[in-house]
Amino acid sequence: MYTDVFARPDEFMLEWSGGAPPEPHFKDDAFTQKWGQNWGIPLYRWDRMGANNFESWRQRIRAIRRIFHLFRIDHVLGFYRIYAFPWRPRRNKQFLPLDQGEMLKRTSGRAPHFVPRDDQTPENCEANKGDGEKYLRVVLEEAGATRVIGEDLGMVPDYVRPSLRSLGIAGFKIPQWETSDGEITPGDKYERLSVATYATHDHKPLRALWEEAFERATAPSDQSRFELEKIARFAGLAPKIDPAQEGLAVASKSDFEKDFYPAIMEALFRSNAWIAIVMITDLLARKYRFNVPGTKTQWNWTRRMQRSIAQLRASPNVRRRMRLIHQLLEKTGRV
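Okay, structure coming up:
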């Protein structure tokens, strides 16, 4: 994006910083809980982009399709509307302790808000939906036979997912977050036009959740236990965690390899989703995380595989895991 800003500065709102609204249940970052995620990206001036038939977008998509047969649009919600901050991420610490009034004094009355409009009225929702579909049709028109996936996670307005489906854009299914009438949605009920995965780069890997669930009851381990139990229900496994044991799991850690991992992978592959994706850390049962949304740490986007492909292929444990994955793919008709 920064190259685009340099080349076409008039197509961006440089005085605003794009992000996502507050998430009160996001325990990893206090700023995200209170104010939201401030990514530091400038906002698009869609009207100015449209004046030249969205040529910058068309150039970008043409370059992508020369390399890939499908691609994912990050935060596809931003095509419909995006949350904007009147300050850059480097100032987040200054704003964290402030209340609403103090924040407005610092920003000369400018508050974080949705651009071009919020979703508080049916009229606004319809207008945002129309805008998003207009811009996404440009992407689809230029993509041609290249398939488009929309990352539609977070606080998603009700109109977004039906809109994406109407355009033929696959959205995401995170099994532990998909519910119907208060229950975990079975994988065979997923729309075919979807991508199923237990985690993205923004989430803790399965092995990390499992390790935390074996610690004494703390906020992180409680959350990890809660997620694991939902994943277990998705896979048809009975929960094996006893809250009476001061937060300690009754199941032994070996159960991850013997029972839990094979069952949840089979459930994912057996889902009706068009694509089932396993993050590399989950494929290899590693614990490190790639990114904590809304934060700026030395670990975000710096993680690298600790062993080469040749070393991984030489590992008996990795070969055994890959045999299991291949067997499950065959069993569920994915290969």
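In the working numbering, the protein residues as written are 9 to 343.
Beta carbons: idealized from backbone N, C-alpha and C, even for Gly.
Hey, residue i and residue j: beta-carbon distance below 8 angstroms or not?
i	j	result
R173	E134	no
G86	G26	yes
G158	I177	yes
A271	F277	no
V147	W43	no
A204	S279	yes
Y88	K137	yes
T303	D12	no
K197	E274	no
H209	F76	no
L78	R145	no
S188	G140	no
F180	L161	yes
T40	P301	yes
Q184	E235	yes
Whose C-beta lies closer than 6 angstroms to the C-beta of residue i among residues of the same chain, with five residues either side of it excluded?
i	result
D127	C133, P165
W218	F264
R331	none
L245	A271
L336	M273, E274, F277
Y269	none
A243	A271, I272, A275
I'd like to confirm the pairing. Which residues does DSSP put opposite residue i in its beta bridges?
i	result
M287	Bridge partners of M287: none, in fact.
L51	M21
K304	Looking at the DSSP assignment, K304 forms no beta bridge with any residue, so it has no partner.
R80	I157
N299	Answer is none; N299 lacks a bridge partner.
F14	Partner(s): none; F14 has no beta bridge.
I90	V123
F180	V203
Q45	A28
S188	E191
Decide if residue i is buried, meaning its Cβ has at least 16 other Cβ atoms within 10 Å, or exposed.
i	result
S116	exposed
V168	buried
S323	exposed
F14	exposed
Y10	exposed
A281	buried
V343	exposed
A257	The pLDDT assigned to A257 is 45, lower than 50, so where the model puts this residue is not dependable, and the model offers no usable value.
E149	exposed
N46	buried
Q314	exposed
L22	exposed
G195	buried
W309	exposed
P50	buried
R329	buried
E131	exposed
K266	exposed
R233	buried
E186	buried
Give me, in chain order, the residues of the same chain whose beta-carbon lies closer than 7 angstroms to that of residue i; leave out the 5 immediate sequence neighbours on both sides.
i	result
R80	I157, E159
Q231	K35
A151	I69, R73
R125	R89, N132, A135, N136
Please list, in chain order, all residues of the same chain as residue i whose beta carbon is under 8 angstroms from its beta carbon, the five residues on each side excluded.
i	result
R215	F264, T289, D290, A293, R294, K295
D82	E159
F122	P29, R89, I90, Y91, A92
A119	P94, Q108, M111, L112
M163	A28, P29, E31
V286	T205, Y206, M273, L276, I333
W24	P50, L51, A92, F93, P94, V123
D18	R53, R56
R311	Y296, R297, F298
Determine contact between the stretch 205-223 and the stretch 87-99, defined as no fewer than three beta-carbon pairs at a distance below 8 angstroms.
-> no
Margin query: If contact is defined by three or more beta carbon pairs under 8 angstroms, each pair taking one atom from either stretch, is the stretch 232-242 in contact with the stretch 312-319?
Written below: no
Touching or not, the stretch 71-91 and the stretch 102-111, by the rule of three or more beta carbon pairs under 8 angstroms? no
For the stretch 28-48 against the stretch 58-68, do three or more pairs of beta-carbon atoms, one drawn from each stretch, fall closer than 8 angstroms, so that the two count as touching?
no
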